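Visitor:
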Amino acid sequence: SLNIDLVEFPTNLIPLSRLNLAVASYAPLSSHKVEQHNKNTVMDITNCCISAGSQLFNHNEEYNQFMACCLLYRGNVCHRNINQAIIDVKGKKKIQFCPWIPTGFKVGINSSLPVLHKNCDIASSDKALCMLSNSTAVIDPLGKVLDDFSTMLSKRAFVHWYEREGMEIGEFQEAFDIVQYTM
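Counting along the sequence shown from 1, when you hit position 78 you're at 1121 in our numbering, and nothing is skipped either side.
Below is the structure:
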């Protein structure tokens, strides 16, 4: 089936229960103030979405390996162009999958045009792609968060606010251990 139900995301994106960190990217993202000289093709938005610049957080692309990838197309797209874009991505090894995971893509197609808020600064387009992936790209940003968390916890910064709400100090260490194990 080419359509995706929200219930399918965990099934398709999470190979193991602890490896459950999704990364999102979206294309095309361009300002309506910038004139669009060419129409975005399915190949263009697919290539754009897999590049680090379209992912919605900063990470080191050099060590990024994908465990799963869902491509959610919307608008004026056809199956043939999507298949060709995926063949191109796989053939040119534009993204790298973990060796222990099959290199399949889950594809969803919604033929409705992308919808934007009326005051949105993003340019309208006849097609769009949202990519949800489970990848190792989250390791570096999470490592930085854990470092900051450790520093703050060692100084007991803000801990009193959480204790006032009923949390215990051991819960902080438990949360730290869970995130560290995931990495």
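Even glycine gets a Cβ: it sits at the ideal position worked out from N, Cα and C. Nothing here was measured: the structure is a model prediction, and the numbers come from that model.
1. Given a cut-off of 9 Å, decide if Ala1065 and Leu1175 are closer than it, judged by their beta-carbon atoms.
2. Entirely within the region 1161-1202 and at least 3 residues each: give me those beta strand (DSSP E) ranges in chain order.
3. Report the three-state DSSP secondary structure of Asn1119 (helix, strand or coil).
4. Quick one: what's got a C-beta closer than 6 Å to Leu1115's C-beta in the same chain, skipping five residues either side?
5. Per DSSP, what kind of secondary structure is Leu1114 in: helix, strand or coil?
6. How would you call Phe1201, buried or exposed, if buried means at least 16 neighbouring beta carbons within 10 angstroms?
7. Residues in the same chain with beta-carbon distance under 7 Å from Ser1097, minus the five sequence neighbours each way, listed in chain order, please.
8. To which residues of the same chain is Ile1212 closer than 8 Å at the C-beta, ignoring the five residues directly before and after it?
9. One question on the structure: do Lys1177 and Phe1109 come within less than 9 Å of each other, judged by their Cβ atoms?
10. Based on the DSSP secondary-structure assignment, which residues constitute the bridge partners of Phe1140?
11. State the beta-bridge partners of Val1085 as determined by DSSP.
12. Identify, in the order they occur along the chain, each residue of the same chain with its Cβ nearer than 8 Å to the Cβ of Cys1141, setting aside the five sequence neighbours on each side.
13. Taking the C-alpha atoms as reference points, what is the distance between Lys1149 and Asn1126?
14. Between Tyr1224, Ile1144, Asn1162, Glu1214, which has its C-alpha nearest Asn1055's C-alpha?
15. Quick test of your reading: Ala1014 and Pro1157, contact by CB under 8 Å. State the CB separation rounded to the nearest angstrom.
16. From what residue to what residue does the beta strand (DSSP E) around Gly1147 run?
17. Where does Asn1083 land, buried or exposed, given buried means 16+ other C-beta within 10 angstroms?
18. Taking the DSSP output, what are the residues bridged to Ala1070?
19. Identify which residue in Cys1121, Leu1059, Val1132, Glu1217 has its Cα closest to the Cα of Asn1153.
Guide: Let me lay it out:
1. yes
2. 1170-1178
3. coil
4. Sequence-distant Cβ neighbours of Leu1115 in its own chain, meaning closer than 6 Å and more than five residues away, are Gly1151, Cys1173.
5. strand
6. exposed
7. Ser1068, Tyr1069, Ala1070, Leu1072, Cys1091
8. Val1202, Glu1206
9. The amino acid occupying residue 1177 in the given sequence is Asn; Lys does not appear at that position. Yes, they are a contact pair.
10. Beta-bridge analysis with DSSP links Phe1140 to Phe1109.
11. DSSP output for Val1085 lists no bridge partner at all.
12. Gln1108, Phe1109, Met1110, Thr1179
13. 11 Å
14. It is Ile1144 whose Cα lies nearest to the Cα of Asn1055.
15. This structure leaves residue 1014 out entirely; the chain is present only between 1044 and 1226.
16. Counting along the chain, Gly1147 falls outside any beta strand (DSSP E), and DSSP gives it neither H nor E.
17. Buried, because 16 or more other Cβ atoms sit within 10 Å of the Cβ of Asn1083.
18. Leu1172
19. Minimum Cα distance to Asn1153 is reached at Cys1121.
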